[in-house]
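J.: Just so you know, the sequences run in chain order A and B.
So the first sequence is numbered by my numbering: it starts at 192 and just counts up by one.
So the second sequence is numbered by my numbering: it starts at 49 and just counts up by one.
Even for Gly, the Cβ is constructed at its ideal location relative to N, Cα and C.
Nothing here was measured: the structure is a model prediction, and the numbers come from that model.
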Amino acid sequence: VLFKVYFWQDESVIYNIKSGDIHLLSSFDGKVLDLMSSNTKQEVLIKKIIEAYQIDYQDAEDYLGKLYDIYRKLSLID
Amino acid sequence: VLLSQLPANKISEYLSTQELCFKTGSINIAVKSNIPAIIKHITDFYSHYDCLEKSDFIDLHVEVYSVGGYRKFYKPQVTFSFDGYEPFIPLPLKQAPAMFEWGLNWCIANVAHQYLIIHSAIIEKDGYGLVMPGTPGSGKSTLCAALVNKGWRLLSDEMALLSLKDGLIYPAPRPVSLKNKSIQIIKEFAPNAVFGDVIADTLKGDIAHMVAPVSALKGQSVPVKPAFLVFPHYEDNIEKKLIKLSKARALMTLAEHAFNFNVLGEEGFDSMANMIEQVECYDFSYSDLTTALDGIETLIQ
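#1: Determine whether the beta carbon atoms of B/Ile234 and B/Ala260 lie at a separation below 7 Å.
#2: Taking the alpha-carbon positions, what's the B/Asp131 to B/Val327 distance?
#3: So the candidates are B/Glu304, B/Pro271, B/Gly187; which of them puts its Cα closest to the Cα of A/Asp212?
#4: Give me the chain B residues within the contact set of A/Tyr254, using Cβ-Cβ distance strictly less than 9 Å, ordered along the chain.
#5: What does the Cβ neighbour count give for B/Arg119, buried or exposed, with the cut at 16 atoms within 10 Å?
#6: Which residue or residues does DSSP assign as beta-bridge partners of B/Ser81?
#7: Just how far apart, CA to CA, sit A/Leu193 and B/Thr338?
#8: Who are the near neighbours of B/Met323 in its chain, counting only those whose CB is closer than 7 Å to its CB and skipping five residues on each side?
#9: So, does the CB of B/Ala296 fall closer than 7 Å to a CB anywhere in chain A?
#10: Hey, could you find the ends of the alpha helix (DSSP H) B/Leu337 is sitting in?
#11: What does B/Ala303 touch in chain A if you count any residue whose Cβ is under 8 Å from its own?
#12: Please decide whether B/Leu148 counts as near chain A, where near means a Cβ-Cβ distance under 7 Å.
#13: Below 8 Å CB to CB, which residues in the same chain sit around B/Phe136 once its five sequence neighbours on both sides are set aside?
#14: Assuming contact is defined by CB atoms lying nearer than 7 Å, are B/Ile255 and B/Ala208 in contact in what I supplied?
#15: How is B/Phe136 classed by DSSP in three states: helix, strand or coil?
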């Protein structure tokens, strides 16, 4: 496990166990991070993004790609 | 036995020849010093604290002493040591009481890792713990001093000791340290409060200590459940504003005020998050003390 997460209404706070850094995220992005770390399939994540933001498949895929990049940079996922 | 119940001159004798041991809430302290200003400071500010035996468990052994050599004749200085280690550069001798109090704060922040230590005033009324974290100048000590003079119980004006075990905040009541304009404001607000001499031109400006009320010492073994987390901001000429803060944002800000968050790691994060779960969080901006106190008092009504 690389992080801990606490959710409150529409926000979440992530604690990076290795670095000790904390990050403020939307509750949805925190949930996506949680799902990424449990090896949830990309298709499932994209579906959740489409549902949450009412966007098309391509935009959801781009959004997910950006989240992967950010979370990797922050060492929250491998 | 209280320090004030010791036979005459014993405080001075213990301080200068061995150690004077006393209890400040959850922290036991042993002090050695032969500086008259420190002897006076402890007599004036700690006389109602419980005396301890040397055989009791002591958390902090500290010494405050004059710097030797030729310097003591033309520019006398004081230094502070903790278990033989001197964490600070010496200060002018007249600042000895301020150095003693700052030194104790430093020691607690660096040693008491059974607690998450938040740079915060912490007071209690009717069982509601009010945590007021703030950087110097935010007005937390001013609000704290005023509220304890209105019947709130002082746990500390400087650090909240949040237990990692039970999530309660433990008292460590010591003199309230006021700076600059706040000194006069509180002297006028609470004419019966007891103050020490003003220590001028310190690194933090002019400092004066206010004696911790007896109620703080009576309750010094009683921890409190945090109920409100208020981030005070003093500014000139503004309307009082008490704005509810989201829990996530409050946690982010609280982390900036935790002295030992990095030391405690995951355990510290969990403690902070658990505290955030149970408190209401606010940003509080104010100028005028009286209206500010009304704003705070409405929280528990």
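T.: Answer, in terms of the structure:
#1: Contact check for B/Ile234 against B/Ala260 fails: the beta carbons are separated by 7 Å or more.
#2: Rounded to the nearest angstrom, the two C-alpha atoms are 37 Å apart.
#3: Cα-wise, what sits closest to A/Asp212 is B/Glu304.
#4: Within chain B, no residue comes near A/Tyr254; the closest Cβ sits about 21 Å away, beyond 9 Å.
#5: Within a 10 Å sphere around the beta-carbon of B/Arg119 sit fewer than 16 other beta-carbons, which makes this residue exposed.
#6: In DSSP, B/Ser81 forms a bridge with B/Val112.
#7: Answer to the nearest angstrom: the Cα atoms are 48 Å apart.
#8: Within its own chain, the residues whose Cβ lies closer than 7 Å to the Cβ of B/Met323, once the five positions on either side in sequence are excluded, are Leu210, Gly215, Pro274, listed in chain order.
#9: Taking Cβ atoms only, chain A reaches closer than 7 Å to B/Ala296, which makes this a yes.
#10: That run of the alpha helix (DSSP H) goes 337 to 348.
#11: Result: Ile213.
#12: The question names Leu, but residue 148 of chain B in the sequence shown is Phe. Cβ-Cβ to chain A under 7 Å: no for B/Phe148.
#13: So the qualifying residues of the chain are Thr127, Phe128, Met147, Trp150, Gly151, Trp154.
#14: It is not a contact, given that the beta carbons lie outside the stated cut-off.
#15: Coil, per DSSP.
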